[in-house]
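This report refers to the structure that appears directly beneath it.
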Amino acid sequence: MRWWSVANFVSNAGTWMQLTVQNLLVLQITGSAAATGLSMSVQAAPALLISVLGGAAVDRWPRKLTAAVSQALLGAIAFTTAVLVALDRIDMTSLMVLAAVTGVVATVDNPACALLGNDLVPAEDVPSAIGVGALVHQAGRLVGAALAGVAVGFLGTSAAYFANGLSFLFVASVIPFLRPAAGAVRQTGREPEGGVGSDLTVREGLAYFVRRPRLVALAGVTGISAVFGRNYGLTLAVLVTGPLAGGAGSFGTVSTVLAAGGILGAVLGARLRRPSVRLVGTLAAAGALLQVVAGLSPSLAVLIVLVLPMAVVESVSDTAGTAVLQTDPPAHLRGRVLGVWGSIGTVWGLGGPPALGLLMELAGPRGALVTGGLLIASAIGTGSLLRRRRATAPVLLRKEDHDTLGKPALSPAA
Numbered sequence: 003m004r005w006w007s008v009a010n011f012v013s014n015a016g017t018w019m020q021l022t023v024q025n026l027l028v029l030q031i032t033g034s035a036a037a038t039g040l041s042m043s044v045q046a047a048p049a050l051l052i053s054v055l056g057g058a059a060v061d062r063w064p065r066k067l068t069a070a071v072s073q074a075l076l077g078a079i080a081f082t083t084a085v086l087v088a089l090d091r092i093d094m095t096s097l098m099v100l101a102a103v104t105g106v107v108a109t110v111d112n113p114a115c116a117l118l119g120n121d122l123v124p125a126e127d128v129p130s131a132i133g134v135g136a137l138v139h140q141a142g143r144l145v146g147a148a149l150a151g152v153a154v155g156f157l158g159t160s161a162a163y164f165a166n167g168l169s170f171l172f173v174a175s176v177i178p179f180l181r182p183a184a185g186a187v188r189q190t191g192r193e194p195e196g197g198v199g200s201d202l203t204v205r206e207g208l209a210y211f212v213r214r215p216r217l218v219a220l221a222g223v224t225g226i227s228a229v230f231g232r233n234y235g236l237t238l239a240v241l242v243t244g245p246l247a248g249g250a251g252s253f254g255t256v257s258t259v260l261a262a263g264g265i266l267g268a269v270l271g272a273r274l275r276r277p278s279v280r281l282v283g284t285l286a287a288a289g290a291l292l293q294v295v296a297g298l299s300p301s302l303a304v305l306i307v308l309v310l311p312m313a314v315v316e317s318v319s320d321t322a323g324t325a326v327l328q329t330d331p332p333a334h335l336r337g338r339v340l341g342v343w344g345s346i347g348t349v350w351g352l353g354g355p356p357a358l359g360l361l362m363e364l365a366g367p368r369g370a371l372v373t374g375g376l377l378i379a380s381a382i383g384t385g386s387l388l389r390r391r392r393a394t395a396p397v398l399l400r401k402e403d404h405d406t407l408g409k410p411a412l413s414p415a416a
């Protein structure tokens, strides 16, 4: 698990180096902000369309081999891009094609690597391992974004792509030496005895997801939070530079506090032992109420004070939700359930920012934060009340003519 965490830190740092540089590269080629958004959408689009197929592949194929091959393929794509950039042969068409291929490979790589990490610890420690993964992700993001500027400044744009390619190869070289922990949930590669069918189909993953109320509830909580909250890079940027009259430096300070809160939340999330959908909903509602107060902040100092707990709550909630998602399904269905989740999450990722942008156009940054937070808290509260009412509704047994008063409806033998 230590080696896997180190490998993921290196990989995350390389990925964020490339993501940071890629936006600058698109702007350099086209001079268009819209083209930058399009390149991000092209890379995300495969997850919307074929994540369920990628999840089915993860359930069918040996997990270590699948993760190693997908990491090697991602490294090859990064090296190809680096060579094209270094030779000044990159154009928008080739960049879009490479982004799309990256998105296709990621539909298999993401669930494979997530579940491979869970194989390295006993079943009871999976929530903690997911928290460690979140911590590694946040740390790699900070380091990668910082190294991107250094790499471009001293070595040129292609250096970031070369570094990312090396990070993928490092992960691929570590995977063959990983050994599952004693007590870990093992991948069987087939349905259990008495299971539904024997051909690891996509339909079974979809059916399982839809029939599990707690997974549907998790999707609802996460979805509304993703659309009307959490896009703090957008809402807080407009709030800081607009009503609070701050500049780029002020927003940089807010972003740093958000990152620090994410790391602290990941540390706290790693201590979770029994995460639940109720915990995810409670934290999401608390974060929404903090967002409402943040929208009413009279000054930048007050906003910075509120941003830290907002980020902590969001990070712990995400860790708890991921733990539920990866531990609730039986082992033979986890890849497909993660594939379904990948498609759903892409819908939020693509639709959330435009919807939030429209809300800011209509209500302003303060109004968007307040309205979004109230919508999230109200939706979660309403769902909780409906669930509680349904769970406590009495079951009335019709009294038959031959029933005797004071006699139980079912005899002890029954």
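Take the sequence shown: its letters are residues 3 to 416, numbered as in the working numbering. Positions of the beta carbon are idealized from the N, C-alpha and C atoms, including for glycine.
Straight-line gap, residue i to residue j (C-alpha atoms, nearest Å)
| i | j | result |
| --- | --- | --- |
| residue 28 | residue 157 | 18 Å |
| residue 90 | residue 164 | 15 Å |
| residue 56 | residue 108 | 8 Å |
| residue 193 | residue 207 | Caution applies to residue 193, whose pLDDT of 48 falls short of 50 and renders its modelled position unreliable; the model cannot decide the point. |
| residue 384 | residue 84 | 51 Å |
| residue 147 | residue 19 | 5 Å |
| residue 269 | residue 111 | 25 Å |
| residue 413 | residue 392 | Since pLDDT at residue 413 reaches only 45, below the 50 mark, its modelled position is unreliable, and no value is offered. |
| residue 354 | residue 9 | 31 Å |
| residue 214 | residue 50 | 21 Å |
| residue 330 | residue 120 | 13 Å |
| residue 199 | residue 342 | Unreliable placement is indicated for residue 199, whose pLDDT of 39 sits below 50; the coordinate value is still reported in the next sentence. One C-alpha to the other measures close to 19 Å. |
| residue 155 | residue 43 | 27 Å |
| residue 373 | residue 255 | 25 Å |
| residue 133 | residue 326 | 12 Å |
| residue 153 | residue 6 | 25 Å |
| residue 281 | residue 377 | 18 Å |
| residue 151 | residue 332 | 44 Å |
| residue 335 | residue 251 | 47 Å |
| residue 328 | residue 283 | 17 Å |
| residue 41 | residue 236 | 18 Å |
| residue 171 | residue 149 | 19 Å |
| residue 92 | residue 390 | 57 Å |
| residue 118 | residue 183 | 11 Å |
| residue 417 | residue 324 | As displayed, the chain neither begins before 3 nor continues past 416, which places residue 417 out of reach and without an answer. |
| residue 316 | residue 233 | 11 Å |
| residue 30 | residue 216 | 46 Å |
| residue 369 | residue 26 | 31 Å |
| residue 380 | residue 230 | 12 Å |
| residue 180 | residue 340 | 22 Å |
| residue 72 | residue 105 | 11 Å |
| residue 47 | residue 348 | 8 Å |
| residue 291 | residue 371 | 10 Å |
| residue 363 | residue 3 | 46 Å |
| residue 99 | residue 24 | 14 Å |
Sub-7 Å separation of residue i and residue j beta-carbons
| i | j | result |
| --- | --- | --- |
| residue 344 | residue 96 | no |
| residue 79 | residue 103 | yes |
| residue 382 | residue 287 | yes |
| residue 223 | residue 263 | no |
| residue 159 | residue 87 | yes |
| residue 176 | residue 219 | no |
| residue 69 | residue 114 | yes |
| residue 259 | residue 306 | yes |
| residue 228 | residue 346 | no |
| residue 294 | residue 58 | no |
| residue 144 | residue 261 | yes |
| residue 277 | residue 322 | yes |
| residue 116 | residue 45 | no |
| residue 285 | residue 309 | no |
| residue 274 | residue 129 | yes |
| residue 162 | residue 74 | no |
| residue 81 | residue 167 | yes |
| residue 225 | residue 350 | yes |
Residue i beta carbon near the ligand GTP (any heavy atom closer than 6 Å)
| i | result |
| --- | --- |
| residue 123 | The ligand GTP is not among the ligands present in this structure, which contains no ligands whatsoever. |
Worksheet item: Taking one C-beta from the region 61–68 and one from the region 125–139 each time, how about it: are there three or more such pairs within less than 8 Å?
Response: Judged by Cβ distances under 8 Å, the region 61–68 makes no contact with the region 125–139, as fewer than three pairs qualify.
Discussion item. With a threshold of 8 Å, are at least 3 pairs of Cβ atoms found where one atom belongs to the region 136–156 and the other to the region 4–20?
Written reply: Per the Cβ contact rule, the region 136–156 is in contact with the region 4–20 (3 or more Cβ pairs under 8 Å).
Worksheet entry | Given 8 Å, three or more beta-carbon pairs between the region 293–308 and the region 237–251 | Cβ pair count under 8 Å is three or more, so yes.
Item to complete: Any chance you could list the alpha helix (DSSP H) runs of at least 4 consecutive residues sitting entirely within the region 259–336, in chain order?
Response: List check, alpha helix (DSSP H) in window: 279–297 and 302–329.
Worksheet entry | Length at least 4, wholly inside the region 41–101: the alpha helix (DSSP H) runs in chain order | Listed in chain order, the complete alpha helix (DSSP H) runs (minimum 4 residues) inside the region 41–101 are 65–88.
Worksheet entry | Ranges of the alpha helix (DSSP H) found wholly within the region 96–184, counting only runs of at least 4 | The region 96–184 contains these whole alpha helix (DSSP H) runs: 128–157 and 159–176.
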